[in-house]
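See structure below.
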Amino acid sequence: MSPLTITTRDATTGPVLEITGELDYANADELRERLTTLDLRPGQRLVIDLSGMEFCDSSGLTALINARNHAQAAQADIALAAVPAHTLRVLRIVGLDQIFAVYPDRDSAIGS
């Protein structure tokens, strides 16, 4: 079991959250709490970099949906970057790939 680490960085398009470890029932609240500290402005893009994420359960998916809702409330955009293959498969199965912009890496998500 890997602890969850969330690192916040600033990009020209808006904040970037780097998720490392396991985004699951035990720690999904950490992502939800971190979202409340973000100052998103209209037109910005929140990028969630999942390249270091090792596991994501339904609570983690719910936290990602909360991130989307937070971005939409601020009239901002959201993008997922470097989604691990196993998580991307789940996103596709449940249709969440239709509501998230998904990019192969952080630079693509920031630059598009």
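First residue of the sequence shown? That's 138 in my numbering, and the numbers climb one at a time after it. No residue lacks a Cβ here, since even glycine has one placed at the ideal position from N, Cα and C. As the structure is a prediction and not an experimental result, all values here were calculated from the model.
Using a Cβ distance threshold of 7 Å, Ile202 and Leu154 do not count as a contacting pair.
Separation of the CB atoms of Asp214 and Arg178 is rounded to 11 Å, and the pair is thereby denied contact status at 8 Å. The three-state secondary structure of Ile236, taken from DSSP, is coil. Counted as a single uninterrupted DSSP element, the beta strand (DSSP E) harbouring Ala148 occupies residues Thr142 to Ala148.
Under DSSP, Ala213 takes part in no beta bridge, so it has no partner. Linking Cys193 to Ala216 through their CA atoms gives a straight-line distance of about 17 Å. The three-state reading of DSSP puts Gly197 in helix, counting H, G and I together. Assignment of alpha helix (DSSP H) within the segment 154-200, counting only whole runs of 4 or more residues, yields 165-173 in chain order.
Beta-bridge partners assigned by DSSP to Ala218: Asp186 and Tyr240.
Taking a C-beta distance under 7 Å as the contact criterion, Ala200 and Ala165 qualify as a contact pair. Residues of the same chain with a CB within less than 6 Å of the CB of His207, apart from the 5 flanking positions on each side, are Leu172 in chain order.
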